[in-house]
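Enquirer: As you go down the protein sequences, you meet chains A and B in turn. Start counting the first sequence at 459; every next residue gets the next number (my numbering). Start counting the second sequence at 670; every next residue gets the next number (my numbering). C-beta atoms are modelled at their ideal positions from N, C-alpha and C, and glycine is treated no differently. Here it is: the structure, laid out below.
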Amino acid sequence: MADEKKNTALTRREVIQGSLLGAGAAALTALAARLAVASGPKSTVWQIDPAKCIRCGNCATYCVLKPSAVKCVHAYALCGYCKICLGYFEQGRGDWSARAENQLCPYNAIRRLYVDEPYYEYHIDESLCIGCGKCVEGCEKSGNGSLFLQIRHDRCVNCNQCAIAVACPSGAINRVDADKPYLLKRKDGKP
Amino acid sequence: MSKTATGILLGLVVAVAIGVIVVALARFDLTGKGGNRLSGDFNYDQSQFEKIDPALIGYRPAGSFRVELPRPSALAVAPGGIYVAAEKALGVYDRDGRLLFQQVLSGRPTCLTVQGQRLYIGMADHVEILPAGVLNDLPAPTAWPKLQDNALLTSIAADDDAVFLADFNNRRILRCDLEGNVAAVIGKRDVENGVPGFIVPSPYFDLALDRTGRLLAADTGRHRVETYSRDGQLVSFWGQPGPSIEDFLGCCNPCHFALLKDGRIVTSEKGVRRVKLYGADGRFECVVAGPAELAASAPRPITEEDWPMLAADGLDVLVLDGQTGTVTRFVPKTASSASEASKDSGH
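Encoded structure:
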């Protein structure tokens, strides 16, 4: 009986060895779990590449949401603050006052603020914008291209297959890393 | 129910289901090929400005060639050839488009001009100089010091006494001596001294020297071409925004211009792709080329290379389409000898 007791009792060495092995196993498990998470599929969302967008208008009508999750956004660093902004004005009206009939956007979703003669700042009212890209076309053609379209992720439901991506004639809509969900235009042209 | 009746019923159900699927696929455009289905109010339509009365077109295309250079960015003509700058490259071509010489450059020029034996190359924030007319064994370019204040050069003009540089980022023109020292700043906004400043919303800020040595600059936000004395005094201007053919469309035009040898001015615009000719006093004379002659073959993303770059060769007009790398020569319709005259003058 006394011998059995002696045989089952743990020595100090065995306790330390067991503890170290246990800690090592736990660390290895944690490392494996971390690696598994890191190498797993990344979360992605749909986004429009402004460099490929040809402003066809499909974004306004093919999105499953009404109104579309695509909105016009404005890169202020690129903007020329034009007095005659062809993203804002209907060209050829004869005068450049901000009357409704002179405005290009069918929903009057662009707000114009006076800065300093002859400069004006333009803002998008996203509650009105349907993402048709009409203003983007005017800005691209006549201005600096500071207006462009993006899928807004506060609205987008991130469909498994984006309906606009299928309907996009220029292949401008693709999945991007959810950590960088917007493809913004920059003054230096870098992504 | 008999087995036969069950089979017929099942067949009908399957047929109806197939029919529904076919109708659904036919009815719903899932690929976008049916267009955006938006009303006409949502179309950006500038077709009314792209129609040009054929009677107003005073030039005709007389040959073109493609430059096999990446992202062409500037065009100049000199007795030695047609110079095209591009990404890290300079190509020199004869009037038939044969490549005479190609030189590696350190970057993508934003402008260039040839004056005498010097080829001035604007490289965004500094100027590099190569010997003009030398078509082999070129030395490394001589570089002037970088300009301060985040300068972005968009045009360069020179004569025997001075070099003028258009700096878009600072909305100013610099007059330099032939060693690159800045001698004067022209047109920079200075309210206290009554200088209103250039309004240049987008990076198209062109300039040229006329036959008398006066400076012409495109004040694009005001839609006009301004003439300055060499010391920077505004002498005159012409041009206005508007939908008429003699006016300038868009936010900020003309984006490029060049002077013919007789002093007349040829302009190109962004927005509506067109090239027009004005007298030296700014009176509209004719259209050199309209959207039909300069149009892109398919919808495409617009880039800074999209708008026609210009150079004058005698009375001929050379247009560089930066997207396709095509240089097209336009000659006057009426004066058949004009192109020959430019041949006599060295080409």
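Taking 7 Å as the limit between beta carbons, can you name the residues of its chain near A/Cys422, skipping five residues before and five after?
Expert: Chain A is shown from 459 up to 649; residue 422 of chain A falls before or after that span and cannot be answered.
Enquirer: Can you tell me which of B/Ala877, B/Glu861, B/Glu737, B/Ile914 puts its alpha carbon nearest to the alpha carbon of B/Ala745?
Expert: On the second sequence, position 76 is the one that residue 745 of chain B refers to. Ranking B/Ala877, B/Glu861, B/Glu737, B/Ile914 by Cα distance to B/Ala745 puts B/Ala877 first.
Enquirer: On the criterion of 16 or more Cβ atoms from any shown chain inside 10 Å, does B/Glu1009 qualify as buried, or is it exposed?
Expert: Translated into the one-based positions of the second sequence, residue 1009 of chain B becomes position 340. Only weak support exists for where B/Glu1009 lies, its pLDDT of 46 falling under 50; the value from the coordinates is given anyway. Burial call: exposed.
Enquirer: Quick one: list the residues of chain A neighbouring B/Gln717, beta-carbon separation under 7 Å, in chain order.
Expert: Residue mapping note: residue 717 of chain B aligns to position 48 of the second sequence, counting from 1. Near B/Gln717 (Cβ distances below 7 Å), the residues of chain A are Gly550.
Enquirer: Quick one: which residues of the region 902-923 of chain B get their C-beta closer than 9 Å to a C-beta of chain A? List them in chain order.
Expert: Listed by position along the chain: Pro910, Gly911, Pro912, Leu918, Gly919, Cys920, Cys921, Asn922.
Enquirer: Taking buried to mean at least 16 other C-beta atoms within 10 Å of its own C-beta, is B/Ala1007 buried or exposed?
Expert: Looking up residue 1007 of chain B in the second sequence gives position 338. Unreliable positioning characterises B/Ala1007 in this predicted model, as indicated by a pLDDT of 45, which lies under 50. The coordinate reading is nonetheless provided below. Per the 10 Å Cβ criterion, buried.
Enquirer: Compare the C-beta of A/Tyr572 with all C-beta atoms of chain B and state if any pair is closer than 8 Å.
Expert: Residue 572 of chain A sits at position 114 when you count from the first residue of the first sequence. By this cut-off, A/Tyr572 is not an interface position.
Enquirer: With H, G and I counted as helix, E and B as strand and the rest as coil, what does DSSP make of A/Ile654?
Expert: Coverage of chain A is limited to positions 459 through 649, which leaves residue 654 of chain A absent and any answer about it impossible.
Enquirer: Who are the neighbours of A/Ala518 on chain B, taking C-beta pairs under 8 Å?
Expert: For the purposes of this step, residue 518 of chain A is taken as the residue at position 60 of the first sequence. Neighbours of A/Ala518 on chain B, chain order: Asn705, Leu707, Phe711.
Enquirer: Of the residues B/Asp794, B/Ala724, B/Val753, B/Val944, which one's Cα is nearest the Cα of B/Gly991?
Expert: By one-based count along the second sequence, residue 991 of chain B stands at place 322. The shortest C-alpha separation from B/Gly991 is found at B/Val753.
Enquirer: For B/Gln1019 versus B/Asp828, is the C-beta spacing smaller than 8 Å?
Expert: This structure leaves residue 1019 of chain B out entirely; chain B is present only between 670 and 1016.
Enquirer: Enumerate in chain order the residues of its own chain whose CB-to-CB distance from A/Asn632 is below 8 Å, with the five nearest sequence positions on each side excluded.
Expert: Taking the first residue of the first sequence as 1, we reach residue 632 of chain A at position 174. Closer than 8 Å at Cβ, skipping near neighbours: Trp504, Gln505, Asp507, Ala623.
Enquirer: Let me make sure I understand the geometry here. Which of B/Leu707, B/Ala743, B/Pro741, B/Phe770 has the alpha-carbon closest to that of A/Ala518?
Expert: Within the first sequence, residue 518 of chain A is the residue found at index 60, counting from 1. Here the closest residue by C-alpha is B/Leu707.
Enquirer: Find the nearest neighbour of B/Asp975 within the set B/Gly901, B/Val851, B/Cys924, B/Ile790, judged by alpha-carbon distance.
Expert: The residue given as residue 975 of chain B occupies position 306 in the second sequence. Per the Cα distances, B/Cys924.
Enquirer: Can you pull the chain A neighbours of B/Thr673, defined as C-beta to C-beta under 7 Å?
Expert: The residue given as residue 673 of chain B occupies position 4 in the second sequence. Those within 7 Å of B/Thr673 in chain A number zero; the least Cβ separation is about 42 Å.
Enquirer: Give the DSSP-derived three-state secondary structure of B/Ser824 in the structure shown.
Expert: As a working mapping, residue 824 of chain B is identified with position 155 in the second sequence. If DSSP states are grouped into helix, strand and coil, B/Ser824 belongs with the strands.
Enquirer: Nearest chain A C-beta to B/Gly849 closer than 8 Å, yes or no?
Expert: By 1-based counting over the second sequence, the position of residue 849 of chain B is 180. For B/Gly849, the answer is no, since every Cβ of chain A falls outside 8 Å of its Cβ.
Enquirer: For the region 816-829 of chain B, enumerate the residues whose C-beta is nearer than 9 Å to any C-beta of chain C, in chain order.
Expert: Absent here is chain C; the protein component of the structure consists of chains A and B.
Enquirer: Taking a cut of 9 Å between CB atoms, which residues from the region 578-596 of chain A lie near chain B?
Expert: Correct list: Ile588, Cys590, Gly591, Lys592, Cys593, Val594, Glu595, Gly596.
Enquirer: Can at least three beta-carbon pairs, one atom from the region 521-537 of chain A and one from the region 905-913 of chain B, be found at a separation below 8 Å?
Expert: Contact between the region 521-537 of chain A and the region 905-913 of chain B is absent, because fewer than three Cβ pairs lie under 8 Å.
Enquirer: Could one say the Cβ of A/Tyr539 lies closer than 8 Å to chain B's Cβ atoms, at least one of them?
Expert: Taking the first sequence and counting its residues from 1, one reaches residue 539 of chain A at position 81. At least one chain B Cβ lies under 8 Å of A/Tyr539.
Enquirer: Please tell me whether B/Ile612 has its Cβ less than 8 Å away from any Cβ of chain A.
Expert: An answer regarding residue 612 of chain B cannot be provided, because it is not within the stretch 670 to 1016 covered by chain B.
Enquirer: At which residues does the alpha helix (DSSP H) containing B/Pro923 begin and terminate?
Expert: Counted from its first residue, the second sequence places residue 923 of chain B at position 254. Careful: B/Pro923 lies outside any alpha helix (DSSP H) and carries neither H nor E.
Enquirer: Between which two residues does the alpha helix (DSSP H) containing A/Glu575 stretch?
Expert: Counting from 1 along the first sequence, the entry for residue 575 of chain A is found at position 117. Taken as a continuous stretch (DSSP letters only), A/Glu575 belongs to no alpha helix (DSSP H), as it is neither H nor E.
Enquirer: So, is the C-beta of B/Pro870 closer than 8 Å to a C-beta in chain A?
Expert: Sequence index remark: in the second sequence, residue 870 of chain B carries index 201 (1-based). Yes, contact with chain A.
Enquirer: Taking three-plus beta-carbon pairs below 8 Å as touching, is the region 755-766 of chain B in contact with the region 721-729 of chain B?
Expert: Taking 8 Å as the limit for Cβ pairs, the verdict is that the region 721-729 of chain B does not touch the region 755-766 of chain B.
Enquirer: Could you give the distance in angstroms between the alpha-carbon of A/Ser477 and the alpha-carbon of A/Ala483?
Expert: Within the first sequence, numbered from 1, the residue matching residue 477 of chain A stands at position 19. Within the first sequence, numbered from 1, the residue matching residue 483 of chain A stands at position 25. Between A/Ser477 and A/Ala483, the C-alpha separation is close to 10 Å.
Enquirer: Only counting the same chain, and skipping five residues up and downstream in sequence, which positions put a Cβ closer than 7 Å to that of A/Val634?
Expert: Here the question's residue 634 of chain A lines up with position 176 in the first sequence. Thr502, Val503, Gln505, Leu641, listed in sequence order.
Enquirer: Rounding to the nearest angstrom, what Cα-Cα distance links B/Ile790 and B/Ser871 in this structure?
Expert: Stepping through the second sequence from its first residue, residue 790 of chain B is reached at position 121. Stepping through the second sequence from its first residue, residue 871 of chain B is reached at position 202. When rounded, the distance between both Cα atoms is 21 Å.
Enquirer: Do you know whose CA, among B/Phe718, B/Phe770, B/Phe833, lies nearest B/Gly749's CA?
Expert: One-based indexing of the second sequence puts residue 749 of chain B at position 80. Of the candidates B/Phe718, B/Phe770, B/Phe833, the one whose C-alpha sits nearest the C-alpha of B/Gly749 is B/Phe770.
Enquirer: Looking at the C-beta of A/Cys626, does it have a partner C-beta in chain B at a distance below 8 Å?
Expert: Along the first sequence, one-based indexing puts residue 626 of chain A at 168. Yes - at least one Cβ of chain B is within 8 Å of the one on A/Cys626.
Enquirer: Run through DSSP, which three-state label would B/Gly680 get?
Expert: Within the second sequence, numbered from 1, the residue matching residue 680 of chain B stands at position 11. DSSP places B/Gly680 in helix when its eight states are reduced to three.
Enquirer: What residue from A/Asp553, A/Arg513, A/Arg613, A/Val531 has the CA that sits closest to A/Lys524's CA?
Expert: Translated into the one-based positions of the first sequence, residue 524 of chain A becomes position 66. Selected option, being the one with the closest Cα: A/Arg613.
Enquirer: Using a Cβ cut-off of 9 Å, pull out every chain B residue sitting near A/Asn618, in sequence order please.
Expert: Translated into positions along the first sequence, residue 618 of chain A becomes position 160. Residues of chain B passing the Cβ test: none, with the nearest at roughly 15 Å.
Enquirer: When burial is assigned at 16 or more other CB atoms within 10 Å of the CB, is A/Met459 buried or exposed?
Expert: In the first sequence, the residue the question calls residue 459 of chain A occupies position 1. The predicted position of A/Met459 is uncertain, since its pLDDT is 47 and thus under 50; a value taken from the coordinates is nonetheless stated next. Under this definition A/Met459 is an exposed residue.
Enquirer: If I follow the unbroken alpha helix (DSSP H) through B/Glu719, where does it start and stop?
Expert: As a working note, residue 719 of chain B is residue 50 in the second sequence. Looking at the DSSP string, the run of the alpha helix (DSSP H) that includes B/Glu719 is 716-719.
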